[in-house]
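Protein chains in written order, with the working numbering: chain U, 1 to 665; chain H, 1001 to 1175; chain F, 2001 to 2317; chain S, 3001 to 3314.
All C-beta atoms, glycine included, are put in the ideal place defined by N, C-alpha and C.
Remarks on the structure that follows.
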Amino acid sequence: MSRIGVFVCHCGENISRTVDVEQVASAAGEIPGVAYACDYKYMCSDPGQNLLKKAVAEHKLDGVVVAACSPRMHEKTFRKAASAAGLNPYLCDMANIREHCSWVHEDKKLATAKASDIVKLMVERVKKGKSLAPITVPVTKRALVIGGGIAGIQAALDIADAGHQVVLVEREPSIGGHMAQLSETFPTLDCSQCIMTPKMVDVANHPNITLHTYSEIEKVEGYIGNFQVTLKHKARSVDESKCTGCGICMTKCPKKKIPNEFDQGHGLRTAIYVPFPQAVPNTPVIDRENCTMFQSGKCGVCAKVCGPGAVDYQQEDRFSVEAVGAVVVATGFKLYSIDRKPEGSPIQGYGEFGYGAIPDVIDGMTFERLASASGPTGGKILRPSDGKEPKQVVFIQCVGSRAREKGISYCSKVCCMYTAKHTMLYHHKVHDGQAYVFFMDARTPGKGYDEFWRRAVEEEEAVYIRGMVSRLYQKGEKIVVMGSDIQVGVQVEIEADLVVLATAVQAQDGADLLAQKLGISYDKYNFYSEAHAKLKPVECATAGIYLAGACQGPKDIPDTVSQASAAAAKVMTLFSKDQLERDPVVAKVNEKYCVGCLACKKVCPYGAVEEKEIRDRQGNLVKVVAYVNPGVCGGCGTCQATCPSKSVELDGYTDEQIMAMIESL
Amino acid sequence: MHAEAKQHDFEPKIVAFVCTWCTYAGADLAGTSRMQYPANVRVLKFPCTGRIDPVFILRAFQKGADGVLVSGCHPGDCHYMAGNFHARRRFAAFRALLDFVGVDLHRLQFSWVSAAEGGKWVEVVTELTERVRAMGPMLEFKSLEHEEQWSAFQAMADVPGVVNTPELKEAYDKI
Amino acid sequence: MTPGKKRLNYSYYPGCSLHASGREYDISTRALFKALNVGLKEVPDWFCCGATPAHNVDELLSLSLCAKNLSLAEQVEGDLAVACAACFSRLKTTQHHLKEDEEKRKQVETAIAGPAALDKPVKHILEILAREFGLSKLEESVKKPLMGLKVASYYGCLLTRPPEVPELDDCEDPSIMEDILRALGAEPVKWSHRMECCGANFTLSRPGVVLKLSNAILESARLAGADCIMVACPLCHGNLDIRQKEIKDAYGAPDSTLFGNIFGSELQQGAPKDQRDLPVFYITQLAALAMGVPSGNLGFESVITDPKPLLREKQLL
Amino acid sequence: MNAKANKNQSSCIEPSYYQAVTQAIRTQAVQVLKDGTVAGVVGYLPGRRKGTARPALITTPEEAEKLIFSPACVNNLSVYLTKSKKGVLKQGRIGIVAKGCDMRALAGLMGESQIKREDLFIIAVDCAGVYGSRAERSESVTEANIARKCHECTVHHPEGADFVAGAATELSGLTPLEAEEMARIEALPQAERWAFWKEHFSRCIRCMACRQVCPFCYCEQCLCDKNRPQAVENSPRPAGNTAWHIVRAMHLAGRCGGCAECERVCPMDIPLNLLNRRMAKELKELYDYEAGLAPAEKGPLNQYKEDDDQSFIK
């Protein structure tokens, strides 16, 4: 026979006004298995908690029901008190007779009867309850950071500085990401590369960081604290251990006219190349699509000129497995750059803006490269078609963003600010030029942001036209921009020399595939979903995986860096203990009765169910059963409702507990 | 939501199976907002609607529930990502089965009530309670509890559709 | 057609214009479908769809007009083929609107005393040609390719907009007309004003607006080197064809501009203006011509800007 | 659906057809046993009484010569691979004689990881139909005595087998008895539906033959036998009976292949397959899922779509 204690709280008058608490307590005393029942003014107060602790000891209680407010309010309080009294905290439950009873009913008789019923339900539940111990999971104190842009770099440096090993993976030949491409950054107009490259070098030199560039995630197995990640090291055709980075291969390479991706196709590079001079690592890679040696088998100049003999045409993709305890995903974004609707995509194109058809219609990142001192024009604003200095530049904001009819309804967040920056950079470089900006709203939340925008409008002579552009077309050397000025209420036409589109920020190509490998969720735009929009903005619903930067949604640099450091802090919290403790409300399989139909595995939202082979002492396979990894299980119980034989059971919500409650109705 | 205590001849027993993250919290919000609704509902908390087994609903009816409510997070809001999606299919099938067996589905309500929808909780509970009150007690399962085998046989012997082979008849007569 | 394959059959809603000012559109549509061996059966007893004015005056009336016509069309087998862009837009809008608005649907169904045929597929002849008949089959069926004919294909406002209603092609950057032209052997030009408004039914109330807007269209077509314009709307045809002389009178002077520029444009002055006549064809006229239908059966004589000199020059007559 | 189907439609199936199938099965079984493809074959042997058949596991070519297929071969043999017969598959690859309806059970069991395709050599029968429960065992198969399930069979010509015996003739224009009965019950007022099932369920003696014979009731411990907690009362009283049959139908929803063995073995003639069919119909309508046509990775109740119907949810 159980010895349950029932404590009925008055909550001042909050409960006792409509519920006869004394009657509830005395009725509770009559329930079989209840050894002690009382009522008290404020159970959550110190004296109230002491009353509970004392009763546990005096009456040798083996379970406690506190009839008071919602468990969402004070469950932790009373479980702590019960625990202090030597009771397993999971044998303490709350009967919610305030939010679910006294506050929502006025008839004292009915409310009292309901309160008694609620207490009875919880008593039955506690009677069938089991002691549960927190689950401990060993933690591998080594982190994987995916993506070597500013988010990944910041997260990697923070974790490494805390003394933990970090594996940083980047799919391009160099780390740096989009930030390395930028000219100057808002709102301070400091040179992006000047603040970025030292951090890249720090990564390269950090004793705790292992850098894998030109590598991708092949497979992810395991769970929080214990991931096994298979990396694919794409064949670089250059042996990183031998290469000294002298660069002679690049100067001698006969293929010199390949559009450089780093310059958005506006500069040129060789077939063996580093993306940009400050690349980290400074080890070239051979672009096999464009290399004469790979295409026709005749050339081999780079191998001949390479002193250390680092060029290796036979190199193949290589795989390695890294054991890590936490993953930071920092894969960044791409810019919307489609001129027509791609097949099967819900996102419409912008053919009417002539992007891709009119050479002098460029996107914001191309403008960054034109404005960058290290860019293809050496920092001069020259238009791509004829290399002339444009005297009239039209900037169009919200291209793709906030355009529901085009398939994207979100705001890309950074365009208002970078367009303002572009008008300033343009004005600084072309004094007699005129910048026009078509915009919907100027969104400038951020420290110093609105002041910056105001400066562009008021001091740097950018003409802001509130309205959208309907169409662009080439007319001789000019591009006619047809749009509307909705403040004046007229249609306007501008003959521009250069048009810059502030195209939307989109999730990286393949973001969905990576998410599937990691087992994290993503929204309809393929941005990764955080566990809670407000309170868990850097965690994924999948434990042990954290988000940093624009892979989660459009973000500017300060926000990205903040989130990267936050993700790093989360990783360090995880790494602060050798063992991870988790709430023991997880599913367990009864291996004796499980027949291995694996319906539980099919429905598990966490991928926590694995197959387990049961073997006899001779090693013969007896049967295959399901196994729930307690480190991964989220505790929803969908498996148990699905299991035909109920051979998997969710601790804390067992069938026995629930049935006992139903029986007591 | 009547302020005055109204006397009813029949107080139906309503059992609510709810998930802890959305509907339970929604009911909490109804409480903190001091909304009023009939005191007939007894709430059983689950981590997720995905945990709710159809057997529980069956058992609740057997144990005297006159109406059952199952409520969880709106699609896409599930704390466990997909539990409510699985529950949705399971209960779609279970409803069809109960309907085929002759259970009046007006006694079984499903809803999505988020943590922010205290008002909706009140509306759903009130509507179900009043509907079931008007329908009267659920006697089908309750009456089964008191019946023994064979009892209905003789009375039903001539009802079409009831199998009544000579062999069976003979067997029954022997009893 | 390939023997054994099922013959395509459509019900057909010509609309008022095609029985009046746009008669040549109707004639050429019928001739083209006959040439392609595609069935076309006119909906008996059809009446006006309400066109552009009705929905500005009385929404319920405009929806009911279309709904009634749709329910008449329901009695004729085959998807409903529509040639006029305005009729197409109204019929599709009605279906879209009534599907979304249960209450409106009930009102309309009371008004027309019967169910509104919301699921009757309504197809513009462009999509019939390009998708259902198919571009490759169209290309195979060409007897007289329109070699060397540079065509500015003009979509106007209604064919693709708003995007959720006609679902014909990319809303702002469609290509269906160009695709058809290429199949016919013609050369579609790249030009800027294919989606701009011609002034539509302001042609009667405020002709000045129409002259200005249509002039911009004609001028940009000339600028792109087009020989002619192709349309799929009788109203567009009217404005661009009938008003060409008036437009020349109003804007022919060499220093006139398309629009008043507000910001910064340098006016290009002094250059003599390109004043070529641009014949305006219906899509079906050109397609039928390419299918070898005799030109006398296509209504070329009833238009204002005579297309025959151009067709003769390109040896298409 | 099947080009090779010889649609010789007549009022009865000639016994010669079954003899031809028998011969084909024997030849195939002998061959796979001889060449060592399989360690044994689960098939039918003649029963002790004339015109009957009994399931058997045979392991030698000599025994294989005795295999038969006749209208009396009603049993779904897939049940001889799981549950208490689990050991059978441990002996090596096993041949199994399967009608179309039995194949659906095999596919289902594969989807639920109970058997592996590579462990089986499926000798499918292009089945013309089997006897109903009250058939005289000496007659030819006719509309009058064919099993109810065969009236609406859609899997006369099984696909995906290793060998197909026969090319079936089939009876034409059979009345869809079960569909009609289902429609009749669906059309009844709700109270009468309850009365209908109450009467049937109250007769149940809880012999559990339906469970025993069901290929999908392979759990090692049935929920309904559990007593901590006891979700379903296990004495044969109307309350527990009703719960048992509802739980059974729910557990089979999306899995049952429609072999109707439960109904065949029920000593109390409870129309159990009606429940199964009703669930199958619902899942087909809601999720366009039909059980057992091929081994499925996930059944309809083990997966979801974000836009699944939720018109019943407030």
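- Taking C-beta separations shorter than 6 Å and ignoring five residues to either side along the sequence, the partners of Ala550/U in its chain run Gly332, Phe333, following chain order.
- Glu2100/F and Thr2094/F have their C-alpha atoms roughly 10 Å apart.
- The alpha-carbon separation between Val1055/H and Ala3231/S amounts to approximately 7 Å.
- Annotated three-state conformation of Trp1121/H is helix, per DSSP.
- Annotated three-state conformation of Ala3064/S is helix, per DSSP.
- Beta-bridge partners of His1086/H (DSSP): none assigned.
- In this structure, DSSP gives Trp1112/H an extended state, which the three-state scheme calls strand.
- Put simply, the backbone Cα of Asp2227/F is about 8 Å away from that of Pro2279/F.
- With the criterion set as a beta carbon lying under 8 Å from some beta carbon of chain S, the stretch 1005-1017 of chain H has no members that meet it.
- Looking at Val3079/S, Gln3091/S, Pro3055/S, Glu3062/S, the one whose alpha-carbon comes closest to that of Ser3070/S is Pro3055/S.
- At a cut-off of 8 Å between beta carbons, His1146/H makes no contact with chain U.
- Taking a cut-off of 8 Å on C-beta distances, the stretch 451-464 of chain U does not touch the stretch 356-368 of chain U, as fewer than three cross pairs fall below it.
- For Gly1026/H, the uninterrupted alpha helix (DSSP H) segment begins and ends at 1023-1032.
- When CB distances to chain S are screened at a threshold of 8 Å, the residues of the stretch 636-651 of chain U falling below it are Thr642, Pro644, Ser645, Lys646, Ser647, in chain order.
- The CB of Ser521/U comes closer than 7 Å to the CB of Met1081 in chain H, given here in chain order.
- When the alpha-carbon of Leu621/U is set against those of Gly3040/S, Gly3087/S, Arg3277/S, the nearest one is in Gly3087/S.
- Within the same chain, Gly152, Val169, Ile217, Val327, Val328, Val329, Ala330, Thr331, Leu514 come within 8 Å of Ile146/U by CB-CB distance, once the 5 residues on both sides are set aside.
- The beta carbon of Lys1142/H sits closer than 7 Å to those of Gly1064, all from its chain and outside the five residues before and after it, given in chain order.
- Assignment of alpha helix (DSSP H) within the stretch 3189-3256 of chain S, counting only whole runs of 4 or more residues, yields 3190-3203, 3209-3213, 3238-3252 in chain order.
- Using a CB distance below 9 Å, the part of the stretch 2193-2212 of chain F facing chain U consists of His2193, Met2195, Glu2196, ordered along the chain.
- Nearest to Asn3075/S by C-alpha distance, out of Gln3019/S, Thr3059/S, Trp3194/S, Cys3101/S, is Cys3101/S.
- Listed along the chain, the chain H residues whose CB falls inside 9 Å of the CB of His10/U amount to none; the nearest CB is some 16 Å away.
- Classified as exposed, Asp2119/F has fewer than 16 neighbouring CB atoms from the shown chains inside 10 Å of its CB.
- Contact between Ala235/U and Glu289/U is ruled out by a C-beta separation of about 13 Å, above the 8 Å threshold.
- At a Cβ-Cβ threshold of 8 Å, Lys114/U and Ser664/U do not count as neighbours.
- Around the beta carbon of Leu1105/H, fewer than 16 other beta carbons sit within 10 angstroms, so the residue counts as exposed.
- For Val301/U, there is no enclosing beta strand (DSSP E); the enclosing alpha helix (DSSP H) covers residues 301-305.
- Contacts with chain U (Cβ-Cβ distance below 9 Å) from the stretch 2143-2176 of chain F involve Pro2162, Pro2163, Glu2164, Asp2170, Cys2171, Glu2172, Asp2173, Pro2174, Ser2175, listed in chain order.
- Within the DSSP bridge table, the entry for Thr210/U names Val167/U as partners.
- At a cut-off of 8 Å, the C-beta of His3157/S has no neighbouring C-beta in chain U.
- Within 10 angstroms of the beta-carbon of Ile3123/S lie 16 or more other beta-carbons, which makes it buried.
- Taking a C-beta distance under 8 Å as the contact criterion, Tyr2154/F and Ile2217/F qualify as a contact pair.
- Judged by DSSP secondary structure, Met3103/S falls outside any beta strand (DSSP E) and instead within the alpha helix (DSSP H) spanning 3100-3111.
- Under a 10 Å Cβ-count criterion, Leu472/U is classified as buried, with 16 or more other Cβ atoms of the shown protein chains found around its own Cβ.
- Within chain H, the residues whose beta carbon sits less than 7 Å from that of Leu3301/S are Arg1089, Arg1090, Ala1093, listed in sequence order.
- With respect to Cys2066/F, Gly2050/F sits close: the two C-beta atoms are nearer than 8 Å.
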